[in-house]
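Everything in the sequence shown is counted per the working numbering, starting at 739 for the first residue and increasing by one. C-beta: ideal position from N, C-alpha, C; glycine also. All values derive from a computational prediction rather than experimental measurement. So the structure is just underneath, and the comments pick up after that.
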Amino acid sequence: MVTSGKTGKGGKVDAQAARKARLAAALRENLKRRKRQARQRAVADTNAPAESSSQNAESATGGPEFRRNRGEE
């Protein structure tokens with residue numbers, strides 16, 4: 739009954755390999771996008787120091803603290 743030399747799992751293995759390749763490509767694109775966003779934020783932070791001082795003033799006055807990484811500053 740086997741004419742092509744493959745078992746019934748050949749299509750499943752091919753589908754898994756294709757899925758793995760798609761996921762790897764998507765992860766690479768996501769990483770590139772996140773790096774690009776981080777670079778843009780870094781440039782924006784260096785160009786707008788007045789905004790960061792107003793944020794620091796708000797936290798000093800007892801305003802709400804919503805930043806995730808408070809300990810890095």
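The three-state reading of DSSP puts ALA786 in coil, since its state is none of H, G, I, E or B.
The beta carbon of THR784 sits closer than 8 angstroms to no other beta carbon from its chain once the five residues preceding and following it are set aside. In this structure, the alpha-carbon of LYS750 lies about 10 angstroms from that of ALA756.
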